[in-house]
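Here the structure comes first, spelled out in structure tokens, and everything after it is commentary.
Residue numbers (mature numbering (1 follows the signal peptide of the UniProt record, and there is no 0)): -29 to -1, 1 to 335.
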């Protein structure tokens, strides 16, 4: 979909309509409102549900109770992968989820969660808040009748859990593996049989043999989901989600009915949930990984030929969408931001942390 032609053909029917719109004062809904927020997550799921609750609580507090957010876990109102349609149709008011679940609607949604060989969490934040990413998120959302903000961040996600050791790229041939988004498409290029399913379904699928492996989030959330009980081999470093954002999207018509203060509360609460969520995952992943190791999980690293195959598959997938103007614009913007920031980060933070760890180890 070409967003320029879309916006041009839907622009209020011409100059007279636009002029009338500027003269009419916006009509804001009055009184207290409760907004139903459907989510892609099981209730209470470590990390991601924390983001849901923090966002909902913040909106209520910042609006002095004028807006109350009522979260619904996956399956309570609609299925975890049905939240996009529920909000665009008006069945629900807003969703909290991972936008890369909705690449079937438009592949560019992936950039507002993560893409293979894409940005780390700090790079994502820099692009989104400082280099035009948020505006592009809004522009994409408006095509589908949504007002979208990132509202969570898991940091780098693990490469996944496997029943067997992955010794070469050939081991992915025929592997039944759960991985959503464009990363899943890239893994398919290696011959894997890739499926997308909500988090609440993963454990059962592994238990029954419907899956040979899965990625989920990271040690903390994976441990809570019990993946160490059904898979022996864990690869902490993955190519597919170097910094995965979560999102809140509000039905656009409803969003426009809210007062400016209420709209700002949603935006600010989303940003706060994003920052807090990243800290929460970073604080909990390290201790959880040590528990997994103590419990017998085998911690592995993909060999170089597997990484090379991941890279080739990822490039093929991303290049395949470049005939779409919006996808191309968003990809180019994200990659330009990544290039602009990674040079400095690598020569400053990267060098510092390597030297810090070396020096402190020598001083012990």
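Yeah, the Cβ is synthetic: ideal placement off N, Cα and C, and Gly gets one too. Please read these numbers as outputs of a predicted model, since none were measured by experiment.
If I follow the unbroken beta strand (DSSP E) through residue i, where does it start and stop?
i, result
"residue 154", "Counting along the chain, residue 154 falls outside any beta strand (DSSP E), though it belongs to the alpha helix (DSSP H) covering 152 to 159."
"residue 216", "216 to 222"
"residue 41", "38 to 43"
"residue 8", "4 to 10"
"residue 131", "131 to 133"
"residue 206", "204 to 206"
Starting from the Cα of residue i, find the closest Cα among the options and give me that residue.
i, options, result
"residue 32", "211, 140, 279 and 237", "237"
"residue 151", "96, 115 and 73", "73"
"residue 245", "68, 284, 79 and 258", "68"
"residue 16", "252, 334 and 206", "252"
"residue 184", "135, 324, 66 and 161", "135"
"residue 215", "88, 6 and 49", "88"
"residue 310", "54, 91, 18 and 228", "91"
"residue 105", "294, 80, 128 and 126", "80"
"residue 66", "157, 217 and 158", "217"
When you compare only the Cα positions, how much space is there between residue i and residue j?
i, j, result
"residue 36", "residue 3", "7 Å"
"residue 30", "residue 226", "13 Å"
"residue 130", "residue 211", "7 Å"
"residue 115", "residue 123", "21 Å"
"residue 257", "residue 248", "15 Å"
"residue 117", "residue 220", "6 Å"
"residue 27", "residue 142", "43 Å"
"residue -14", "residue 232", "Annotation note: pLDDT 39 at residue -14 (below 50); position unreliable, no value reported."
"residue 39", "residue 8", "10 Å"
"residue 402", "residue 300", "The structure shown has nothing for residue 402, since the chain only spans -29 to 335."
"residue 108", "residue 331", "42 Å"
"residue 326", "residue 23", "38 Å"
"residue 75", "residue 101", "28 Å"
DSSP on residue i, reduced to helix/strand/coil?
i, result
"residue 147", "strand"
"residue 65", "strand"
"residue 121", "strand"
"residue 314", "helix"
"residue 270", "strand"
"residue 179", "helix"
"residue 166", "strand"
"residue 104", "helix"
"residue 185", "strand"
"residue 109", "helix"
"residue 77", "coil"
"residue 139", "coil"
"residue 210", "coil"
"residue 51", "helix"
"residue 319", "helix"
"residue 90", "coil"
"residue 84", "coil"
Along the chain, where does the alpha helix (DSSP H) containing residue i start, and where does it finish?
i, result
"residue 281", "275 to 290"
"residue 247", "231 to 265"
"residue 195", "190 to 196"
"residue 332", "322 to 334"
"residue 33", "19 to 33"
"residue 56", "54 to 59"
Original post:
Using 8 Å as the threshold, is the region 37 to 51 in touch with the region 5 to 15, meaning 3 or more CB pairs across them?
Top reply: yes
**OP:** Would you check if the region 167 to 176 and the region 192 to 205 touch, i.e. whether three or more CB-CB distances between them fall below 8 Å?
**Re:** yes
**OP:** Specify whether the region 138 to 150 and the region 80 to 94 touch according to this definition: at least 3 beta carbon pairs, one from each stretch, less than 8 Å apart.
**Re:** no
**OP:** Decide yes or no for the touch test of the region 151 to 169 against the region 285 to 294: beta carbon pairs closer than 8 Å, at least 3 of them.
**Re:** yes
Original post:
Pairing CB atoms from the region 51 to 62 with CB atoms from the region 270 to 282, are three or more of them under 8 Å?
Top reply: no
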